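J.: One structure is given below, represented as structure tokens, and several questions about it will come after.
Residue numbers (mature numbering (1 follows the signal peptide of the UniProt record, and there is no 0)): -23 to -1, 1 to 157.
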């Protein structure tokens, strides 16, 4: 490997190339129902960019044996995620597996859908009291890390979505500290 620096930018030349070849034993069938909506993986219906991951998947590159670290506000336990273990750096590792908290998150999502689409319309919750604002911030704080983990490594299990490296294991680290 040869490395050159030019005006603060480092250029690296690698002397070996990776070749993706078709595996005779690799037959990946993606049957997750939301695959066609994941435009960032393979963009069939819009002009634009995508990651075009299908050639890598056909070459048996799917993240098996890899642990992906998601450093964010936390990763919520989910059926589409392969959460293996927390990263052992410090004491703030944050995986939410408390059923009551997960249930509250799901109830909040359902209530938002009811209000948005108008079915079973319920009285709007008051978000202006201090307690409700704190509870909402706690619920919202986990969504980004869980979404990132899903995009990267959601399992190929026939449920929901599939991640870029669907065979990978997720390890998360609570990074941001907020006083709620």
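Think of the CB as a built atom: it goes at the ideal place given N, C-alpha and C, for glycine as much as any other residue. Just so you know, these numbers come straight off a predicted model, no measurement behind them.
Determine the DSSP secondary structure at residue 130, reduced to helix, strand or coil.
T.: The residue labelled residue 130 in the question sits at position 153 within the chain shown. Helix, per DSSP.
J.: Looking only at DSSP bridge pairs, what is residue 60 linked to?
T.: The sequence position of residue 60 within the chain shown is 83, counting from 1. BP columns for residue 60 point to 147.
J.: Less than 8 angstroms separating the beta-carbons of residue 138 and residue 52?
T.: By one-based count along the chain shown, residue 138 stands at place 161. By one-based count along the chain shown, residue 52 stands at place 75. No; because the gap between Cβ atoms is not below 8 angstroms, this pair is not in contact.
J.: Grab me the residues of residue 141's own chain with a C-beta within less than 8 angstroms of its C-beta, minus the 5 sequence neighbours each way, in chain order.
T.: By 1-based counting over the chain shown, the position of residue 141 is 164. Taken in chain order, the residues that qualify are 18, 28, 30, 40, 128, 129 and 130.
J.: On the three-state DSSP scale, how would you describe residue 52?
T.: Taking the first residue of the chain shown as position 1, residue 52 is located at position 75. DSSP places residue 52 in strand when its eight states are reduced to three.
J.: Look up residue 18 in the DSSP assignment and say whether it is helix, strand or coil.
T.: Position 41 of the chain shown holds residue 18. Correct three-state label for residue 18: coil.
J.: Since residue 142 is in the alpha helix (DSSP H), which residue starts that stretch and which ends it?
T.: For the purposes of this step, residue 142 is taken as the residue at position 165 of the chain shown. First-last for residue 142: undefined, no H or E at that position.
J.: Determine the burial state of residue 34: buried for a count of at least 16 other Cβ atoms within 10 Å of its Cβ, exposed for fewer.
T.: On the chain shown, position 57 is the one that residue 34 refers to. It counts as buried.
J.: Excluding the 5 residues flanking residue 123 on each side, which residues of the same chain have their C-beta closer than 7 angstroms to its C-beta?
T.: Taking the first residue of the chain shown as position 1, residue 123 is located at position 146. Result list for residue 123: 52, 53 and 55, in chain order.
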